[in-house]
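A quick write-up on the structure given underneath.
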Ligand code: GLN
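Numbering (our numbering), first residue to last: 2 to 489.
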């Protein structure tokens, strides 16, 4: 079969279960596509032998009968998840060639569900970025227009799925890194409620914000994947929620009749590009046709999400990254005078500019004299942002708005400053700070025929409702089925 990469995860799983295709065939097909499209920059490490071994084991399980539903379906992982069989770099020189002695819980759960790992996907260094331009291992190109960015930090994941190099990928989202690249690449991605997915084995960026989630073509695929990857991991992640695994698929077909969709006025203020606004408006009109109602709401502290996030995230990053000292693992400078000199040189050589910038900001806001003024104040406003959502959810069942103010921008744009990227995170940061589940679904095309995503935000543990709303929209529209021509 030539067009295996046009299938969704669900369709691929069905073909496997009915033995119309083998996992090994799928693995070979995707490995060869990854190789053909190397120039996209999506994959960092492939270990074809490990992939083939897992695929053969999956085929045996299917032959024996009663194999779990996702058995044999290929997946690729963001290089933030540690893996035994593949190198893990987190996009950093610091971890060049690093091999973990264990698999991250999310990776292990998906493998237990029978999924076959294709390899590791490029990302911004330590997941810091919005364009995947901060990876030590090179930039990733957007499959819709290779002169543009795929979004970040899970840019490799989004590009791989959009280009049909993997039917699905894992991503992580600290301030938007699943939703924004999903939006830029025209795919579907969900960040669950903070604590749903175990952070064990995810290279830490900002621990109070980091969450793992699936990126795929459809909401139905995301439901299947999220069901397999979530669940309590209390012994290994102290922030893991004590909840049994949940199957998000049965609720997918619930009706949209009477669903109240909150539309925050702050998400449609100045700064939102007209093409994005038009696509979101049309999507909201489609929801009305399906029986949902628009409810005007307000999230008054939306703008504050940017300074709050860019204080809290760097503060946590500065302390998380202190472990990279050249002693325990990773890069160590070749020549040094003494211990302090070794630390200095190792960290100066191992970290890229954006990571250094954030370590400096983080240490500054945590330092004596500034801690109260910046860090504590940010924590207080973070709480208020979360309270604003609870106020809004008194009047609506979910919230809809843009993911990003514009479509994907041009790669290597010298006029873009780090601050431009920070500001472009405005619509994704609030849900991250509040720990709410949120997703991105493709709702059309804008400037340069680039994909536009719409964000859906739910209350705590309402992933099922989000996926249901996304699935119903995808049954009524076909934006999620569009593909970049050169990757057909
Ligand atoms: N763009 C944001 C940042 O640079 C979000 C990144 C993320 O979610 N990992 O921090």
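All residues carry an ideal CB built from backbone N, CA and C; glycine is no exception. Quick caveat: nothing in here was measured; it's all calculated off a predicted structure.
Per DSSP, reduced to three states, the secondary structure at residue 21 is coil, with no helix or strand assignment. With a cutoff of 7 Å, residue 90 does not count as near the ligand GLN, since its C-beta is closer than that to no heavy atom of the ligand. With fewer than three CB-CB distances shorter than 8 Å, the region 141-148 does not count as touching the region 245-264.
The secondary-structure analysis by DSSP pairs residue 298 across a beta bridge with 265. Per DSSP, reduced to three states, the secondary structure at residue 460 is coil, with no helix or strand assignment. In this structure, the beta-carbon distance from residue 451 to residue 441 does not fall below 8 Å. Residue 206 has its Cβ nearer than 7 Å to a heavy atom of the ligand GLN. The beta carbon of residue 206 sits closer than 6 Å to the beta carbons of 127, 128, 175, 318 from its chain, once the five residues preceding and following it are set aside; these are given in chain order. Residue 309: member of the alpha helix (DSSP H) spanning 306-321, first to last residue.
Here DSSP, grouped into helix, strand and coil, assigns residue 275 to helix.
Rounded to whole angstroms, the Cβ separation of residue 155 and residue 79 is 5 Å, and the two are in contact under 8 Å.
Relative to the non-hydrogen atoms of the ligand GLN, the Cβ of residue 109 never comes closer than 7 Å to any of them. Here DSSP, grouped into helix, strand and coil, assigns residue 325 to coil. Runs of beta strand (DSSP E) with 3 or more residues, each lying fully within the region 158-211, are found at 169-174, 189-192, listed in chain order. Three or more Cβ pairs closer than 8 Å define a contact, and the region 398-414 meets that threshold against the region 181-199. Excluding sequence positions up to five before and after residue 91, its CB lies within less than 8 Å of the CB of 80, 81, 124, 126, 127, 128, 204, all in the same chain and listed in chain order. In this structure, residue 60 lies away from residue 83, with their beta-carbon atoms at least 8 Å apart.
DSSP places residue 78 in the strand class (E or B) of the three-state scheme. By the CB criterion at 8 Å, residue 460 and residue 437 fall inside the cutoff. DSSP places residue 46 in the uninterrupted beta strand (DSSP E) bounded by 44-46. A Cβ-Cβ separation of about 5 Å places residue 293 in contact with residue 257 under the 8 Å criterion.
Within the chosen limit of 7 Å, the ligand GLN does not reach the beta carbon of residue 216 with any heavy atom.
In the displayed model, residue 13 falls within a helix according to three-state DSSP. C-alpha of residue 94 to C-alpha of residue 137: approximately 6 Å in a straight line.
Distances between the C-beta of residue 139 and the heavy atoms of the ligand GLN are all 7 Å or more. Excluding five sequence positions before and after residue 398, the CB atoms of its chain that fall closer than 6 Å to its own CB belong to 260, 261, given in chain order. Within the DSSP bridge table, the entry for residue 36 names no partner.
Every alpha helix (DSSP H) stretch that sits fully inside the region 371-406 and reaches 4 residues is listed by chain position as 378-393. DSSP lists no beta-bridge partner residue for residue 356. One alpha carbon belongs to residue 272, the other to residue 282, and they sit about 16 Å apart. The C-alpha of residue 202 lies about 20 Å from the C-alpha of residue 327. Going by DSSP, residue 229 is part of no beta strand (DSSP E) but of the alpha helix (DSSP H) stretching over 220-230.
Here residue 159 has 151, 152, 170, 172, 182, 183, 185, 186, 188, 190, 216 as same chain residues with Cβ atoms under 8 Å from its own Cβ, once five neighbours each way along the sequence are excluded.
Residue state for residue 118 is assigned as strand, using DSSP reduced to three classes.
Within the region 84-155, the alpha helix (DSSP H) runs of at least 4 residues that lie entirely inside it are, in chain order, 106-113. Across the structure, residue 8 and residue 279 are spaced so that their CA atoms are roughly 29 Å apart.
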